[in-house]
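For what it's worth, this note's numbering labels the leading residue of the sequence shown as 15, then goes sequentially.
Structure first, commentary second.
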Amino acid sequence: MNTIKTKLDQFLQTTHPLNQEITFVPETKHPTWDDSTFVIELAEKQILEPIGKLPNEQILSYIGLHAKSRFSNKRDTLGFVITNFRMVIETDVAALFEKEPATIILFSMNSNSKKIAEEASTIFKRKNRLNIDKEYLIGFKNALNEVLEIILSELQKANALPSEIKKATKIDERVKELSIQKDLKSFEEDKKVITKFAEKFNVSDILYAMIDKPFFGSPYGVVITKNGITSRDVMEDPISCTWQEIKNGPAVLGEKKDEFYAASKKHVIPSFNTDSLPNMMILLNELASGEVTI
């Protein structure tokens, strides 16, 4: 770790002023900001701790900026926390509504720093809804390229990363890995609405659901059960598929953002959950194939 810290410090002291402005390294005198220690501590508190800090995990760098919430008048940390195990990407701020969950990219011996920098930059631009100057978005990508190259190359030299990334095999853990827990709720998390769906449409053993209930009308969306999925559009009858049917006809995205096909049948989700649909397709196909278990 000492070599990584030394190289990151050298980068921080000599890089372009914009990169200096948005890059932070623990236990290093920052060339621009006097409160860099507080910035790192806040990044750990607001980004890393909410998802659960791993044993022996250390923050090696934080790249990002702060947004000041009009509601709390506090600093909210946005950007990329890079540790010795993974990168955590925070694109949202705490406001009146539930915050978008952070995205996690795990590191392995096969990780490519340039590809991860590109992926992380794309995720941030896609998910962030704040008005951030274009120069900062460019700066994020440039800083990520340099910082990730230093960190990953040294971790890989030291054989300090797993040979491959093993995804979770239990549904509750996989939902979190796919960052869809904000929209795909467990029975206990959305018990009232899920119970109404179950009773209205005679669906038993509901485990997870991506549904909504209009003020007037019955719940609609999709639910996951032990046997498969059941979905319903507004003013329509429910449609069900077994896991075997989905295995034979995998889930794919539809033409509209709120629809998908599984077992050649069209299913819909609430329109405000569409950001989570691509990753839910991954989950459904993994459940159908047995890669993930209920």
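Glycine is no exception: its CB is placed at the ideal position from the N, C-alpha and C atoms.
Between D23 and T46, the beta carbon gap of about 14 Å keeps them out of contact (Cβ cut-off 8 Å). For E104, the enclosing beta strand (DSSP E) starts and ends at R100 to E104.
Annotation for I130: the continuous alpha helix (DSSP H) segment containing it runs S127 to K141.
A straight-line Cα-Cα distance of about 37 Å links N299 and G153. Per DSSP, M224 is one residue of the beta strand (DSSP E) stretching across I220 to D226.
Of all C-beta pairs linking the region 255 to 264 to the region 226 to 238, fewer than three are shorter than 8 Å, placing the two stretches out of contact. By the Cβ test, the region 187 to 194 is not in contact with the region 202 to 213, since fewer than three Cβ pairs between them sit closer than 8 Å.
Taking a C-beta distance under 8 Å as the contact criterion, T97 and Q72 qualify as a contact pair.
E55 and K148 have their alpha carbons spaced roughly 26 Å apart. Pairing N142 with T105 gives a Cβ-Cβ distance under 8 Å. Annotation: the continuous alpha helix (DSSP H) that includes D23 extends over N16 to T28. If you draw a 10 Å sphere on the C-beta of L62, you find 16 or more other C-beta atoms in it, and that means buried. Only residues of its own chain outside the window of five on either side were considered, and among them M224, N287 and S290 have a CB closer than 7 Å to the CB of D197, listed in chain order.
One alpha carbon belongs to E168, the other to E58, and they sit about 22 Å apart. Between the beta-carbon of T29 and that of E160 there is about 7 Å, and that keeps the pair under the 8 Å contact cut. Assigned with DSSP and collapsed to three states, E273 falls in strand.
Straight-line spacing of the CA atoms in F138 and T239 works out to 32 Å. As DSSP reads the structure, G78 sits in a beta bridge with G93. Taking a 10 Å sphere around the C-beta of D48, we find fewer than 16 other C-beta atoms and assign the residue as exposed.
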